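In the UniProt record's numbering, the protein residues as written are 1 to 300. Every residue gets a Cβ at the ideal spot worked out from N, C-alpha and C, and that includes glycine. Here the structure is a predicted model, which means the values were calculated and not measured. Here's the structure we're looking at; comments come further down.
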């Protein structure tokens with residue numbers, strides 16, 4: 001049975017990108033059998049009805065063993081969607097920024113890809129052993145040679161770098177966003193708060209910087225990690241600012257795990273934004289807005 005989109009998401013026309021089967025699982029140490037992953041993928045596609053779903057990665061099996069069944073899982077999910085006759089999420093795979101991996105994805109018939117980049121040189125060199133300039137060049141050249149319907153670029157460390165332990169300059173962040181937005185073959189640039197430390201006022205500054213550069217916000221998405229506690233006020237304000245500015249693409253997960261275990265230790269890992277949390281913070285934000293409106297009417 002296919003569920004309709006939750007009202008809180010439908011009201012704003014949110015385009016949800018499910019990362020459960022890649023980012024949600026990559027830090028899970030216990031290996032999950034392929035058949036279990038198939039059941040998880042079916043459940044996500046039919047129950048949550050995301051606009052897109054990321055199915056695994058072409059990363060080395062040695063680097064992340066959990067992703068070793070990605071090709072089989074991708075083929076299964078693709079066939080399942082076609083055979084259903086009514087399901088239509090875009091099925092993505094994560095591609096390391098290497099031309100041979102782009103070529104492999106193309107040969108496999110992958111139509112929608114996501115690629116990992118960053119605004120931090122230190123992070124990118126540790127994560128993929130490549131500078132951000134080299135990464136950008138590889139992505140640009142590969143996409144020019146190999147056509148894909150969608151190409152989403154993750155920009156990690158839009159606030160703090162776990163390697164350098166430093167906050168990234170807002171202008172540096174904006175510059176890196178623009179470098180990818182101007183690529184005609186890149187369809188989406190995802191701002192990833194890798195450390196889960198992004199404050200809402202910093203995010204508002206990023207939005208203002210993008211507006212100053214005339215960066216089209218419909219090409220932007222956000223990837224947020226939840227705080228260790230259940231105080232979601234900051235992340236609620238980030239989501240509110242995103243929606244208010246016209247950013248409707250949001251990464252989401254059916255599980256509360258996540259994070260890059262290639263560059264983060266266990267103490268730095270924070271779970272991904274979940275469907276339930278996103279729904280609750282949108283509804284809370286709406287209630288707060290309504291109360292402010294009611295109070296204003298009473299004052300008048």
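8 Å Cβ shell around residue i - same chain, five flanking residues per side excluded
i	result
residue 74	55, 56, 91, 93, 108, 110
residue 291	none
Close beta carbons around residue i, own chain, < 6 Å, minus the five adjacent residues each side
i	result
residue 160	167, 195, 197
residue 143	151, 185
residue 254	20, 44
residue 25	66
residue 282	8
residue 78	91
Nearest neighbour of residue i, chosen from the options [CA to CA]
i	options	result
residue 227	211, 273, 103, 202	273
residue 29	67, 250, 172, 129	67
residue 86	49, 231, 149, 162	49
residue 199	217, 88, 236	236
residue 192	162, 211, 213, 39	162
residue 221	229, 210, 35	210
Anticipated Cβ contact below 8 Å, residue i with residue j, distance rounded
i	j	result
residue 155	residue 178	Rounded, the Cβ-Cβ distance is 11 Å, inconsistent with contact.
residue 339	residue 157	Within the shown structure, residues of the chain are numbered from 1 to 300, placing residue 339 beyond reach of any answer.
residue 248	residue 12	6 Å
Under 9 Å between C-beta atoms of residue i and residue j
i	j	result
residue 152	residue 17	yes
residue 58	residue 97	no
residue 15	residue 250	yes
residue 232	residue 277	yes
residue 174	residue 213	yes
residue 190	residue 114	yes
residue 271	residue 257	yes
residue 183	residue 140	yes
Beta-carbon contacts of residue i that lie in its chain and below 7 Å, excluding the five residues immediately before and after
i	result
residue 146	102, 103, 106
residue 169	none
Range covered by the alpha helix (DSSP H) that runs through residue i
i	result
residue 9	7-10
residue 180	170-181
residue 251	No alpha helix (DSSP H) holds residue 251; the beta strand (DSSP E) holding it covers 249-252.
residue 75	70-84
Span of the beta strand (DSSP E), counted from its first residue to its last, around residue i
i	result
residue 152	150-156
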